[in-house]
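Reading through the structure tokens given below for one structure.
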Amino acid sequence: MGVVILLVMAAGVAAMLTRRLPTAFALVILAVVIAFVAGAPLTGENSVLDTVVQEGAPALGATMIAILLGSWLGRLLDETGIAGTLVRKIVEFGGDRPVVVALGVLAVSTLVGTVTGSAPAAMLAGIIGIPAMIAVGIPKVTAAGTILMGIAAGMPFELPIWQFFSTALELPVETVRGFMFKLFPFALAAAVLFVLVETRRRGVEHAWSLKSASAKPASRRKQLGDAPWYALLTPVVPLVLALGFEVAILPSMLAGILFALVTTTRPREMNKRLLRTLYGSFEVAAAPIVLFIAIGVLLAAVKLPGAVESLEPLVKAVSPQNPVLFVLVFTLLVPLCLYRGPLNVFGLGAGIAGVLIAAGIYPAVAVLGLATSYNQVFGVSDPTSTQTVWSAQYAGVTPQQVMLRTLPYVWAVALGGFCVTAASYL
Numbered sequence: 052m053g054v055v056i057l058l059v060m061a062a063g064v065a066a067m068l069t070r071r072l073p074t075a076f077a078l079v080i081l082a083v084v085i086a087f088v089a090g091a092p093l094t095g096e097n098s099v100l101d102t103v104v105q106e107g108a109p110a111l112g113a114t115m116i117a118i119l120l121g122s123w124l125g126r127l128l129d130e131t132g133i134a135g136t137l138v139r140k141i142v143e144f145g146g147d148r149p150v151v152v153a154l155g156v157l158a159v160s161t162l163v164g165t166v167t168g169s170a171p172a173a174m175l176a177g178i179i180g181i182p183a184m185i186a187v188g189i190p191k192v193t194a195a196g197t198i199l200m201g202i203a204a205g206m207p208f209e210l211p212i213w214q215f216f217s218t219a220l221e222l223p224v225e226t227v228r229g230f231m232f233k234l235f236p237f238a239l240a241a242a243v244l245f246v247l248v249e250t251r252r253r254g255v256e257h258a259w260s261l262k263s264a265s266a267k268p269a270s271r272r273k274q275l276g277d278a279p280w281y282a283l284l285t286p287v288v289p290l291v292l293a294l295g296f297e298v299a300i301l302p303s304m305l306a307g308i309l310f311a312l313v314t315t316t317r318p319r320e321m322n323k324r325l326l327r328t329l330y331g332s333f334e335v336a337a338a339p340i341v342l343f344i345a346i347g348v349l350l351a352a353v354k355l356p357g358a359v360e361s362l363e364p365l366v367k368a369v370s371p372q373n374p375v376l377f378v379l380v381f382t383l384l385v386p387l388c389l390y391r392g393p394l395n396v397f398g399l400g401a402g403i404a405g406v407l408i409a410a411g412i413y414p415a416v417a418v419l420g421l422a423t424s425y426n427q428v429f430g431v432s433d434p435t436s437t438q439t440v441w442s443a444q445y446a447g448v449t450p451q452q453v454m455l456r457t458l459p460y461v462w463a464v465a466l467g468g469f470c471v472t473a474a475s476y477l
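52 is the number of the first residue of the sequence shown in the numbering used here; add one for each residue after it.
Right, here's the structure in full:
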């Protein structure tokens, strides 16, 4: 039975890789098939309809709300000019020094990456940052990679990500936060190293041909003018509350939204801006929310008693227990999280993580280490991820070029995460 479930999973991966089915649809179909193969009844306890669909769909509800709030805050950073002001100030400070400009844009991307992820984060930092870097001679691939590496450096402090791993792996937020603290130095060091090495290795290229330089978003930011200096602290507010005062994730993000609003908007305009940006955030958050619904359904399916009993001996047989082998094997498997592969945590990887925990193969915190380390790779180098596609296309290169340039650096980040996981939890 376990072999049949693995074959079903392989078919699901093939459907996602060939894009015959959208990822969310493929995960739901996969979950239902796994449940039937595992012997689950149609209704009742541990059933397809009542357990997998009914209970699984809203299982990640807190994460969905966090994603929506992050998208809302991202909309406010865009509309109020906070993100654009941050990038412009950095570019003005850097002048015609390519490395300084790139490091400054990297810092802004890191800040933005703590607020929201995916394409919105790339746009907030990249609409001005990418043209500015290319204008001072930074190669286009390096410019796109700088945005992505910065977002990934901020990812360990992205509050919606904390909420996702906390809910999906059934871990306290404090545990997730603790591991993210350990992962952050690797992500930051790789991002800085990427800028320093790639800007010097590739040299200066004065080849400005970016069509987007005169796009409407950039001109609209000029019309907005600079946001007040104190409003530029907005990305830090949720972090200070969540980290320094241990305020819960959702209230911390709401505080950031209110801070951005109060520091940039006249009282008579607040109501309209709040509603406008909130409604706009639904458009941004719709795709990830649908994906998290599907992931919840898949997690419910792989945790069914029949699925766990069938998969446990197979998964246990191929899962290394020795810390050295653990690091070696999972480091070699890093490419499997690319192209929506089986180790992508926002796809079938979530189901595999659920199996590892439910079957008792690894403690949940060790699975957290695996999942978050792979997520650092996916968030930067996967040519199918929206932030990678947007950054590459906006810079005038292909996502595959960005993948090849950034993969060695994020692979090293994953290696660091695996080493910490093996040393701490195995």
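Using N, Cα and C, we set each Cβ at its ideal position, and we do this for glycine too.
Keep in mind it's a predicted model, so treat the numbers as computed, not measured.
In the three-state reduction of the DSSP assignment, V291 falls in the helix class, which pools H, G and I.
If you draw a straight line from the Cα of T69 to the Cα of F429, it is about 18 Å long. A straight-line Cα-Cα distance of about 46 Å links A410 and T250. Between the C-alpha atoms of F469 and I212 there is a straight-line separation of about 18 Å. Between V103 and A345, the gap from beta carbon to beta carbon reaches 8 Å or more. I308 is the residue among E96, I308 and G107 whose C-alpha sits nearest the C-alpha of L127. Looking at E209, A465, Q451 and A474, the one whose alpha-carbon comes closest to that of A195 is Q451. Annotated three-state conformation of D433 is coil, per DSSP.
For A110, same chain residues with a beta-carbon under 6 Å away, outside a window of 5 residues either side, are G347 in chain order. Spatial neighbours of A86 in its own chain (CB-CB distance under 7 Å, excluding positions within 5 residues in sequence) are listed in chain order as V99, V103, A352 and L355.
Judged by DSSP secondary structure, Y476 falls within the alpha helix (DSSP H) whose first and last residues are P450 to Y476. For I116, the closest alpha carbon among the candidates G132, V150, A62 and L305 is that of L305. Annotation: L399 to R148 spans about 44 Å, alpha carbon to alpha carbon. Counting of Cβ neighbours within 10 angstroms places Y330 among the exposed residues, the total staying below 16.
Contact fails between the stretch 388-405 and the stretch 440-448, because fewer than three Cβ pairs, one in each stretch, are under 8 Å apart. Annotated three-state conformation of L222 is coil, per DSSP. According to the DSSP assignment, M304 belongs to the alpha helix (DSSP H) that extends over I300 to T315. Sequence-distant partners of I408 (beyond 5 residues in either direction) whose C-beta falls short of 6 Å from its own C-beta, in its chain, are A415 and V418. Across the set L220, L162, G135 and V142, the C-alpha of V142 shows the shortest separation from the C-alpha of I189. Secondary structure at E334: helix, using DSSP grouped into helix, strand and coil. With respect to the 8 Å criterion, V341 and A75 are classified as neighbours on the basis of their beta carbons. Taking C-beta separations shorter than 6 Å and ignoring five residues to either side along the sequence, the partners of S160 in its chain run A176, I198, G201 and I202, following chain order.
L365 and E221 have their alpha carbons spaced roughly 23 Å apart.
Rounded to the nearest whole angstrom, the C-alpha separation of F343 and T114 is 8 Å. When the beta-carbon positions are compared, M52 and S361 come within less than 8 Å of each other. In the structure shown, I179 falls within a helical segment according to DSSP collapsed to helix, strand and coil. The beta carbon of I300 is closer than 7 Å to those of A117, L210, W213, Q214, V224 and A293 in its chain, skipping five residues each way along the sequence. Within the same chain, F469, C470 and A473 come within 6 Å of V378 by CB-CB distance, once the 5 residues on both sides are set aside. Taking the Cβ atoms as the reference, A238 lies roughly 15 Å from Q438, outside the contact range of under 8 Å. Within 10 angstroms of the beta-carbon of P207 lie 16 or more other beta-carbons, which makes it buried.
Membership of L154 in the alpha helix (DSSP H) is indicated by the continuous run P149 to V166. According to the DSSP assignment, F144 belongs to the alpha helix (DSSP H) that extends over I133 to G145.
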